[in-house]
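Visitor: Letter by letter, the sequence shown follows residues 97 to 239 of the working numbering.
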Amino acid sequence: RGHVWTKAQRVAFIEGLYRGTVGESQRIIQFNAPYWGLDQHDGDLPNEVQIVDGLQRLTTVRLYVADELKIFGGLRASDFNDSRYSVKMSNWRLRFNIHTFIWRHELLRYYLDINSGGTPHSKAELERVRTLLKAASTTAQGE
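#1: Is the beta carbon of aspartate 140 less than 8 angstroms from the beta carbon of arginine 180?
#2: From what residue to what residue does the beta strand (DSSP E) around valine 183 run?
#3: If you follow the beta strand (DSSP E) that isoleucine 194 is in, where does it begin and where does it stop?
#4: Measure the Cβ-Cβ separation of histidine 99 and serine 218 and say whether it is below 8 angstroms.
#5: Over what stretch of residues does the alpha helix (DSSP H) that includes phenylalanine 109 continue unbroken?
#6: Below 8 angstroms, how does it come out for the region 159-179 and the region 125-134: are there three or more Cβ pairs, yes or no?
#7: To the nearest whole angstrom, what separates the beta carbons of isoleucine 194 and aspartate 138, a pair I think is in contact under 8 angstroms?
#8: Is it buried or exposed, leucine 134, if we count other Cβ atoms within 10 angstroms and call 16 or more buried?
Right under this line is the structure:
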């Protein structure tokens, strides 16, 4: 997708984790794995794990944990080692949801459902996915 967080957005997210202003729903990273637990399925999605929601959050946390992002005026993750603010502590938990959508139109519908109500996605991005959904739905009806 076209939207990539700026450095300021990344810093704000990590600082929000420390301040406790990042809600539980923002700690959820969602994936789709159509073959999860199956040898095969009848859907039209490839046999691969795909991130559905949370790529920027996950990337930001990974950058911070790797000491590639400074917060609070210049502090890195390693500056908090051996303290209650270490990234090894339980307050750094992320939750990973694994969905098993097998049809492209179902996955696109889910994406629109979670990103159309208040999440800052551009109108162009949502329209792009709506167009993909329409095409996927037409293809699914023809099968």
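All C-beta atoms in this analysis are idealised placements derived from N, C-alpha and C, irrespective of residue type, glycine included.
Guide: With the given structure in hand:
#1: Taking a C-beta distance under 8 angstroms as the contact criterion, aspartate 140 and arginine 180 do not qualify as a contact pair.
#2: No beta strand (DSSP E) holds valine 183; DSSP gives it neither H nor E.
#3: Start and end: 191-195.
#4: Between histidine 99 and serine 218, the C-beta gap is smaller than 8 angstroms, which places the two residues in contact.
#5: DSSP places phenylalanine 109 inside the alpha helix (DSSP H), whose first and last residues are 103-115.
#6: Below 8 angstroms, too few C-beta pairs join the region 159-179 and the region 125-134 to call them touching: fewer than three.
#7: About 19 angstroms separates the two Cβ atoms, so there is no contact after all.
#8: By the 16-neighbour rule on beta-carbons within 10 angstroms, leucine 134 is exposed.
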